[in-house]
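S.K.: Have a look at this one before I ask anything.
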Amino acid sequence: MKKITQITFINLLFILVSITPLFAQTTDVLTGINRPKYLLLDGNDLYFSKTNGGVSKLDITDSNPTEEVVYANLNGTSGIAKNGNDLYISESWDNKIIKIDITANPIVEVEVASSASIDAPEDLLLNGNFLYLVENYSFGNQQVSKLDITGTFPATPTLVTSDVSEPLGIALSGNDLYINDYTGGEISKLDITSTLPTTTTEVVTGLSFPSEMTINGNELYFSQDDKVYRIPDISASTPTVETLLSGLGDPYGLAISGTTLFIAEYSANKISKVDLNTLSVDSFDIDSDDESDVSLYPNPTNQSIQLSGLTQARSYEIYNTLGAELGAGEVADKQKIDVSYLSKGMYFLVIDSRSEPLKFVVN
39 MKKITQITFI
49 NLLFILVSIT
59 PLFAQTTDVL
69 TGINRPKYLL
79 LDGNDLYFSK
89 TNGGVSKLDI
99 TDSNPTEEVV
109 YANLNGTSGI
119 AKNGNDLYIS
129 ESWDNKIIKI
139 DITANPIVEV
149 EVASSASIDA
159 PEDLLLNGNF
169 LYLVENYSFG
179 NQQVSKLDIT
189 GTFPATPTLV
199 TSDVSEPLGI
209 ALSGNDLYIN
219 DYTGGEISKL
229 DITSTLPTTT
239 TEVVTGLSFP
249 SEMTINGNEL
259 YFSQDDKVYR
269 IPDISASTPT
279 VETLLSGLGD
289 PYGLAISGTT
299 LFIAEYSANK
309 ISKVDLNTLS
319 VDSFDIDSDD
329 ESDVSLYPNP
339 TNQSIQLSGL
349 TQARSYEIYN
359 TLGAELGAGE
369 VADKQKIDVS
379 YLSKGMYFLV
389 IDSRSEPLKF
399 VVN
């Protein structure tokens, strides 16, 4: 077993004592919230629904944000969507969707869809003039529908798909509508331009009760159990799933602003946030005129890691925090390095025996 050089090992120790474990990097944004559920970002305003307390918002630019009540006294508040000054809110317990003008005084409810046409509405999503809604009733509708917000209210939604077991979260990327199937244990998608109703296509299967989701570019983030996961490229023919955060209090709603991920922690009664830059990639310069900003991903991982930015094959070594070499080989750009044999913990990757150590976590 080879030992890492003294100089590099000292660098490892410096890195080790100056960082915080990845799973400890969430920061509380607002605490003492009654069961926060869905999140919606509108500029600097982060709107959030509370199961028994209506809808509130906070300013994400405030270093010490406070809760501002938008509309209270709702029953089973779930999904929220916004169009100008109009805020759409689903009330899953009362089987209805309402609309309010947040600038009006007093605020007047407009019933957009009633119990006569929908069952247990959950997530909402606006796309142009269409409001997409998830219906999740154990003894009734399990489907995704849509309605025209320019029409007459209360409206009767049009069925988009019933090819789901128990839908909860939805997110849109181009014409692809992604759906979290809670009891089906999968994420599926459909083309909203297809003839309706339509069927879904599986994206990722074998999950355990996925809840809410959000999309940022080609990256899809979703909550499940006490964790937040990421699909780094939803356009891939075989998408992979990465664990980003663990040990959360029933994470549910997710929203992204820049590189900050906001998380509604349902049972912890709070909203937290994390800088995605601290969880996704680490960069280094391997002292080449043609190679800079080489990055390692996914991080954390439990199967393999890859390097992006290499222009030719390079030798590498993997070391633990004690400086013992645990693996070595040669790697090309975006080629997978198997780390499934490593125990949970922190490790360091050294390229060509001369780069600064690159840390990664096995979970």
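Numbering (my numbering), first residue to last: 39 to 401. Glycine included, each C-beta is placed from N, C-alpha and C at the ideal position.
With contact counted as at least three CB pairs below 8 angstroms, one residue from each stretch, are the region 332 to 344 and the region 297 to 313 in contact?
M.R.: These segments do not touch.
S.K.: Hey, residue 249 and residue 207: beta-carbon distance below 8 angstroms or not?
M.R.: The residue you call residue 249 lines up with position 211 of the sequence shown. The residue you call residue 207 lines up with position 169 of the sequence shown. Cβ distance < 8 angstroms, so residue 249 and residue 207 count as in contact.
S.K.: Should the region 63 to 80 be regarded as contacting the region 284 to 304, the criterion being three or more beta carbon pairs within less than 8 angstroms?
M.R.: The answer is yes - the region 284 to 304 touches the region 63 to 80, with three or more Cβ pairs under 8 angstroms.
S.K.: Are the CB atoms of residue 289 and residue 246 nearer to each other than 8 angstroms?
M.R.: Start at 1 with the first residue of the sequence shown, and residue 289 comes out as number 251. Start at 1 with the first residue of the sequence shown, and residue 246 comes out as number 208. Going by C-beta atoms, residue 289 is not nearer than 8 angstroms to residue 246.
S.K.: Between residue 123 and residue 142, what straight-line distance do the alpha-carbon atoms span, to the nearest angstrom?
M.R.: For this step, residue 123 is matched to residue 85 along the sequence shown. For this step, residue 142 is matched to residue 104 along the sequence shown. Distance between the alpha carbons of residue 123 and residue 142 is about 9 angstroms.
S.K.: Which word fits residue 324, buried or exposed, when buried means at least 16 other C-beta atoms lie within 10 angstroms of its C-beta?
M.R.: Taking the sequence shown and counting its residues from 1, the one referred to as residue 324 is at position 286. Confidence at residue 324 is low in this model, with a pLDDT of 44, below 50, so its placement is unreliable and no value can be given for it.
S.K.: Can you list, in chain order, the residues of its chain with a C-beta nearer than 6 angstroms to that of residue 221? Leave out the 5 residues immediately preceding and following it.
M.R.: Here the question's residue 221 lines up with position 183 in the sequence shown. So the qualifying residues of the chain are 203 and 204.
S.K.: Using only CA atoms, which one of 334, 164 and 314 lies nearest to residue 342?
M.R.: For the purposes of this step, residue 342 is identified with residue 304 of the sequence shown, where counting begins at 1. The candidate whose alpha carbon is nearest that of residue 342 is 334.
S.K.: Quick check: is any heavy atom of the ligand MG less than 7 angstroms from the C-beta of residue 152?
M.R.: Absence of the ligand MG from the depicted structure is noted, as is the absence of any ligand whatsoever, leaving it without description.
S.K.: For residue 298, which residues does DSSP report across the bridge?
M.R.: By 1-based counting over the sequence shown, the position of residue 298 is 260. Answer by DSSP bridge pairing, in chain order: 295 and 313.
S.K.: Let me know if residue 244 comes out buried or exposed under the rule of 16 or more other beta-carbons within 10 Å of its beta-carbon.
M.R.: Residue numbering aside, residue 244 sits at position 206 when the sequence shown is read from its first letter. So residue 244 counts as exposed.
S.K.: Three Cβ pairs or more, each shorter than 8 angstroms: is that satisfied between the region 130 to 144 and the region 100 to 107?
M.R.: In short, these stretches do not touch, since the Cβ pair count stays below three.
S.K.: Return the bridge partner residues of residue 94 from the DSSP annotation.
M.R.: For the purposes of this step, residue 94 is identified with residue 56 of the sequence shown, where counting begins at 1. Looking at the DSSP assignment, residue 94 forms a beta bridge with 86 and 107.
S.K.: Specify the secondary structure class of residue 80 as computed by DSSP and reduced to three states.
M.R.: On the sequence shown, position 42 is the one that residue 80 refers to. Correct three-state label for residue 80: strand.
S.K.: Would you kindly work out how many angstroms separate the C-alpha atoms of residue 93 and residue 109, rounded to a whole number?
M.R.: To locate residue 93, count along the sequence shown from 1; it is residue 55. To locate residue 109, count along the sequence shown from 1; it is residue 71. Each residue's alpha carbon lies about 5 angstroms from the other.
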